[in-house]
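Visitor:
In the working numbering, the protein residues as written are 61 to 171.
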């Protein structure tokens, strides 16, 4: 059975966000900004350079998520896509972010 895919090919809906953290790969560290997040992963902007390639396991620490482990799916032009295990504690941490930190933007129309 195949998982449902969205129009852009992703398996989970992504929510735009903006919070900072630190990414570690082996003995390299870089400051990052999380730019979107879903229950299965996130896209980040990387400030600096890491030798991580697709398939590498990295650790990201933020105030909002705590310390999580993820797999690099892609890395180009200063941005990186990370995937987390659906059944892992990391997925629970991301769910907690949606419950406690992420506030949807509400627009009010003034007439």
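Beta carbons are placed, not taken as given, at the ideal position from N, Cα and C, and that holds for glycine. Since this is a predicted model, take the numbers as computed values, not measurements.
How should residue 117 be labelled, buried or exposed, when 16 other C-beta atoms within 10 angstroms of its C-beta is the threshold for buried?
Guide: Result: exposed.
Visitor: Quick check on residue 77: does DSSP put it in helix, strand or coil?
Guide: Strand, per DSSP.
Visitor: Just to confirm the assignment, what range does the beta strand (DSSP E) spanning residue 90 have?
Guide: Note, residue 90: beta strand (DSSP E), 88 to 97.
Visitor: Write down the C-beta distance between residue 125 and residue 154 rounded to the nearest angstrom, noting that I regard them as a contact closer than 8 Å.
Guide: 7 Å between Cβ atoms; contact.
Visitor: With respect to the alpha helix (DSSP H) encompassing residue 6, which residues constitute its N-terminal and C-terminal limits?
Guide: There is simply no residue 6 to check, as the chain begins at 61 and stops at 171 in what is shown.
Visitor: Please name the residue in 135, 130, 156 whose C-alpha comes closest to that of residue 106.
Guide: Of the listed residues, the one whose Cα sits closest to residue 106 is 135.
Visitor: Quick check: the Cα distance between residue 156 and residue 75, rounded to an integer number of angstroms?
Guide: Rounded to whole angstroms, residue 156 to residue 75 spans 14 Å at the Cα level.
Visitor: Quick check on the burial criterion: 16 or more other C-beta atoms within 10 angstroms. Buried or exposed for residue 86?
Guide: Result: exposed.
Visitor: Taking the alpha carbon of residue 108 as the point to measure from, which residue in 150, 130, 159, 81 has its own alpha carbon closest?
Guide: Nearest option by C-alpha distance: 81.
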